[in-house]
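Take the sequence shown: its position 30, counted from the start at 1, is 31 in our numbering, and no numbers get skipped.
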Amino acid sequence: MPGAASKTPGPFVKEVAAVLREKVAREGLSHQQLAEVLDVSRGQLSKILAGNKQIELEQLDEICWALGLSFRDVVVNADKATSFRHTSDEWTTETAVRR
2 MPGAASKTPG PFVKEVAAVL REKVAREGLS HQQLAEVLDV SRGQLSKILA
52 GNKQIELEQL DEICWALGLS FRDVVVNADK ATSFRHTSDE WTTETAVRR
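See the structure below:
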C-alpha cells in the first residue's frame, strides 16, 4: 500500500530470495548484470537477493523470467519450505481471513 510502513520480510520472502541467489550464483551472474537486465539499481537488487526487501509480485515475475525460473515453481517451493510460518504466534485464527 502506498505510504504504508514497509514490513520486515518474513521467512517466505527470505526463502524466495535464497532460491534467486542460488540461481544467480549457479549462472555466474553479477548483481550488476542482473540489475541492468531488470532496470533496477544494484543496491535495490542486492537487498532483494539478501531477503532484506519485500518483493512485489510483478518484480518477482521479472526476476524469475530474467533468470529462466518458473514464477510458479519459485512460489510453490518457497511456500512448502516455509509452511511452518503459519504456525507462528503471528498467524492465529483471529488474523486469518475467514472464507
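Beta carbons: idealized from backbone N, C-alpha and C, even for Gly.
Note that the coordinates shown come from a computational prediction; the quantities given were computed from them, not determined experimentally.
Pull up the distance between the alpha-carbon of R100 and that of E37, whole angstroms please.
Residue placement at R100 is flagged as unreliable, the pLDDT there being 44, under the threshold of 50; the coordinate-derived value follows with that caveat. Each residue's alpha carbon lies about 42 Å from the other.
Could you give the uninterrupted runs of the alpha helix (DSSP H) lying entirely in the region 17–64, keeping only those of 4 residues or more?
32–39, 43–50
Tell me where the alpha helix (DSSP H) around K81 begins and ends.
Unbroken alpha helix (DSSP H) run through K81: 72–82.
With 16 as the cutoff for other CB atoms within 10 Å, does E16 come out buried or exposed?
buried
Inspect the beta-carbon positions of R22 and L50 and report whether they are closer than 7 Å.
Going by C-beta atoms, R22 is nearer than 7 Å to L50.
By the three-class DSSP mapping on this structure, what secondary structure does T88 have?
helix
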